[in-house]
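Just below is one structure, and these are the notes that go with it.
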DNA sequence: TCTAAATCAGATTATTTTATCTGGTTAAAG
DNA sequence: CTTTAACCAGATAAAATAATCTGATTTAGA
Ligand code: SF4
Ligand code: SF4
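Protein chains in written order, with the numbering used here: chain A, 50 to 194; chain B, 50 to 194.
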């Protein structure tokens, strides 16, 4: 089985959604994120470091340090997180793995697939963290059920 | 970057499309498929063996042996190939990797994502090999360009 | 019958992805 | 000033995926 996003990207999206579900500007430690989301702590730490480099979140070192969103949740799109971690290759490479893709030589599925892929891209571009806050809170509340 | 289908599945789909682009009932060797599609021969051989076990293609051993579709191309859907290789997990697991998915506790993206996923599933279910024959021929003709 | 060309089965290797470890630096609080 | 709780950076290990290898069996045809 394969998947749309890498584990890194899934965890990154979860973590950023988690941050957005908190108070705006609130600081959360990697440890809390790892515990609440059941993600290996060392792994999520690395991912949070990446997202910090990408300018999506800020980090604060030292005691009572942690991570917070670098912008208002309304200004962080899901596609930004995906681009920072997995990149956008998934939206330009062939579903069937054929080489030499071009408008003249599309793969057999392109017509059908292209439309879906564009929808997915648009969806990730339209959805911002703030729009998902309520649903995230609801999901988080039931994670350890 | 990640991808929808595993390499195995991509190659499997390519190979089956290639078979369907040939004469109905025609036998093609793993060697020819590997050369034409630029896939490692040993790898595609293994995949073809899998598809044979799954009943999607037939194999003929010995000199002038090879592989052929087990059914008429109109009766082989893309989803059948995907199910045989990657399985259908991708259509039921969470895009965001959240656990405990249920109608009561969907992940924040489910509403938007579910629709897309269903579209993808339907597309793969509706598309049969024969419908893609012309496009496959066109793509194959330009692979080594 | 013998050879060549093919599939088949299982083991092995290589590469990528996922996860962990180790030691260091930063900064709040007593 | 010292302790403690956090991030940081780079190396390492484990697991999954992709690819290759080895030897056997099958079968058409010279
Ligand atoms: S045309 Fe085919 S090969 Fe090119 S991107 Fe679209 S799906 Fe992929
Ligand atoms: S609800 Fe969310 S968690 Fe469940 S399947 Fe849909 S996308 Fe995944």
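Glycine included, every Cβ here is placed at the ideal spot set by N, Cα and C.
Expected contact under 8 Å - CB spacing of residue i and residue j to nearest Å
i: residue 196 of chain A; j: residue 108 of chain A; result: Only positions 50 to 194 of chain A appear in this structure, which leaves residue 196 of chain A out of reach.
i: residue 69 of chain A; j: residue 182 of chain A; result: 6 Å
i: residue 123 of chain A; j: residue 177 of chain A; result: 5 Å
i: residue 106 of chain B; j: residue 57 of chain B; result: No, residue 106 of chain B and residue 57 of chain B are not in contact; Cβ-Cβ is about 15 Å, not under 8 Å.
i: residue 173 of chain A; j: residue 144 of chain A; result: Residue 173 of chain A to residue 144 of chain A, Cβ: 17 Å. No contact.
i: residue 59 of chain B; j: residue 146 of chain A; result: 3 Å
i: residue 149 of chain B; j: residue 192 of chain A; result: 6 Å
i: residue 54 of chain B; j: residue 51 of chain A; result: 6 Å
i: residue 83 of chain B; j: residue 93 of chain B; result: 5 Å
i: residue 168 of chain B; j: residue 165 of chain A; result: 6 Å
i: residue 100 of chain B; j: residue 61 of chain B; result: 6 Å
i: residue 152 of chain B; j: residue 184 of chain A; result: Between residue 184 of chain A and residue 152 of chain B the Cβ distance is about 13 Å, and since that is not below 8 Å, they are no contact.
i: residue 80 of chain A; j: residue 90 of chain A; result: 6 Å
i: residue 125 of chain B; j: residue 77 of chain B; result: So it is not a contact: roughly 15 Å between Cβ atoms.
Limits of the unbroken alpha helix (DSSP H) element including residue i
i: residue 94 of chain B; result: 90 to 102
i: residue 57 of chain B; result: 56 to 70
i: residue 79 of chain B; result: 79 to 86
i: residue 128 of chain A; result: 127 to 134
Extent of the continuous beta strand (DSSP E) run through residue i
i: residue 118 of chain A; result: 115 to 118
i: residue 106 of chain B; result: 106 to 109
Report task. Give every residue whose Cβ lies closer than 6 Å to any heavy atom of ligand 1, listed in chain order. Result -> A:143, A:144, A:147, A:150, A:155, A:156, A:158, A:159, A:162, A:163
Query raised in the report: Which ranges does the alpha helix (DSSP H) cover as unbroken runs of at least 4 residues, wholly within the stretch 155 to 186 of chain B, from first to last along the chain?
Result: 159 to 175
Requested in this report: With 9 Å as the limit, tell me which residues of the stretch 117 to 149 of chain B have their beta carbon closer than that to any beta carbon of chain A; keep them in chain order.
Outcome: 127, 135, 136, 137, 138, 139, 142, 143, 144, 145, 146, 147, 148, 149
Query raised in the report: Any residues in the stretch 54 to 65 of chain A with a beta carbon nearer than 8 Å to a beta carbon of chain B? Which ones, in chain order?
Result: For the stretch 54 to 65 of chain A, which is checked against every Cβ of chain B, the residues closer than 8 Å are 54, 55, 56, 58, 59, 60, 62, 63.
Query - Near-chain B residues of the stretch 64 to 92 of chain A - C-beta to any C-beta below 8 Å - result: If the cut-off is 8 Å between Cβ atoms, the stretch 64 to 92 of chain A has 66, 87 near chain B.
**Report entry** chain A contacts made by the stretch 168 to 183 of chain B, where a contact means CB separation under 8 Å
**Finding:** 168, 169, 172, 176, 181
Query raised in the report: In the stretch 93 to 110 of chain A, which residues sit with their C-beta less than 9 Å from some C-beta in chain B, listed in chain order?
Result: none
Query raised in the report: What are the residues of the stretch 153 to 167 of chain A that lie near chain B, defined by any Cβ-Cβ distance shorter than 9 Å?
Result: 153, 154, 155, 156, 157, 158, 159, 160, 161, 162, 164, 165
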